[in-house]
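Per this note's numbering, the very first residue in the sequence shown carries number 27; after that it's consecutive. Below is one structure, written out as structure tokens; the observations come after it.
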Amino acid sequence: MTSTAPEGRRERKKRETRRRISDIATGLFMARGFDAVTIAEIAEAADVSVNTVYNYFPAKEDLFFDREEEMVDRAAALVRDRAPGQSAAAAVLGRLREDIAEQNLYAGIRDGFGEFMCVVRESPALVARLMVMHHRTANRLKDTLVAETGAAPGDPMPELVAYELVNLVNLVTRGATLSIADGTSPEQAAREALAKVDAFESFVTGEFLNYATKPGR
27 MTSTAPEGRR ERKKRETRRR ISDIATGLFM ARGFDAVTIA EIAEAADVSV
77 NTVYNYFPAK EDLFFDREEE MVDRAAALVR DRAPGQSAAA AVLGRLREDI
127 AEQNLYAGIR DGFGEFMCVV RESPALVARL MVMHHRTANR LKDTLVAETG
177 AAPGDPMPEL VAYELVNLVN LVTRGATLSI ADGTSPEQAA REALAKVDAF
227 ESFVTGEFLN YATKPGR
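As structure tokens, then:
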């Protein structure tokens with residue numbers, strides 16, 4: 027059994043400073059748009075130096091997508107942690123269904139998420155960063171599938187399965203966000219999102235749905 031060392035005062039203060047800078051930056055971005063806000067303005071509002079902001083966030087986009095690593099690793103983590111007898115698709119799609127039912131951030135149905143995505147769509151830099159994040163997510167999942175299945179070099183299945191799953195998640199969550207932004211109720215957006223998942227599962231092959239099934243105990 028492993029134990030996590032308690033967080034020290036220095037680490038706690040660094041974490042709190044990072045969160046405060048991120049929260050202040052997000053508020054400015056939401057109010058004025060990403061491109062209109064400068065790092066100097068963020069530093070002044072947070073009462074820190076510009077260098078301090080860059081120490082925590084090397085690029086301006088890092089301030090907006092401050093949970094990027096968590097999001098990039100999420101699908102891969104679901105596959106790594108899947109239960110015995112569960113496939114990669116079952117792990118990812120099962121969690122997607124739960125997210126939709128919970129109407130949470132990961133499903134794109136959370137209150138205020140539409141405004142967040144409006145800021146993204148109005149900034150070419152954020153749109154480009156989001157595309158990079160999607161590719162990183164799919165590649166992280168591909169690498170996990172290679173490791174989990176022992177796929178031979180040149181086997182196309184890990185990449186195909188990874189990109190199909192990630193693309194579906196992106197399609198469903200983006201559609202839900204846009205739907206709510208257009209005035210659809212969260213409940214209706216959730217029903218539409220689940221219908222897309224159902225449709226996807228109805229036409230993909232059993233080989234896809236059962237790929238990388240974790241051996242039983």
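Even for Gly, the Cβ is constructed at its ideal location relative to N, Cα and C. In this text, all values refer to a predicted model and were calculated from it rather than measured experimentally.
Nearest residue (CA-CA) to residue i, options the options
i	options	result
aspartate 88	Gly34, Arg155, Ala117	Arg155
arginine 200	Val146, Gly180, Ala178, Arg166	Val146
asparagine 196	Ala102, Ala133, Ala69, Glu67	Ala133
leucine 167	Arg217, Ala101, Ser228, Gly59	Ala101
glutamate 124	Arg217, Ala177, Val230, Ser149	Arg217
alanine 71	Tyr189, Asn236, Leu54, Val118	Leu54
proline 212	Met143, Leu235, Phe139, Val187	Phe139
phenylalanine 226	Ser149, Leu191, Ile206, Leu186	Leu191
lysine 222	Arg162, Leu122, Val76	Leu122
Endpoints, the alpha helix (DSSP H) within which residue i is located
i	result
isoleucine 65	65-72
proline 241	Counting along the chain, proline 241 falls outside any alpha helix (DSSP H), and DSSP gives it neither H nor E.
arginine 145	Just to set this straight, residue 145 is valine in the shown sequence, not arginine. 139-147 is the span of the alpha helix (DSSP H), which, as asked, contains valine 145.
phenylalanine 226	212-229
aspartate 49	35-58
tyrosine 189	183-207
Residue i classed as buried or exposed, judged by whether at least 16 other C-beta atoms fall within 10 angstroms
i	result
methionine 157	exposed
methionine 27	Model confidence at methionine 27 stands at a pLDDT of 43, short of 50, so the residue's coordinates are unreliable and nothing is read from them.
valine 79	buried
threonine 64	exposed
glutamate 42	exposed
Integer Cβ distance of residue i from residue j, believed to fall under 8 Å
i	j	result
alanine 219	isoleucine 126	5 Å
phenylalanine 234	valine 187	6 Å
alanine 114	leucine 204	In fact, because the Cβ distance is near 27 Å, the residues do not count as touching under 8 Å.
**Request:** Within the region 73-127, note down every full alpha helix (DSSP H) run reaching 4 residues or more, in order along the chain.
**Result:** Fully contained in the region 73-127 are the following alpha helix (DSSP H) runs of length 4 or more, in chain order: 76-82, 86-90, 94-106.
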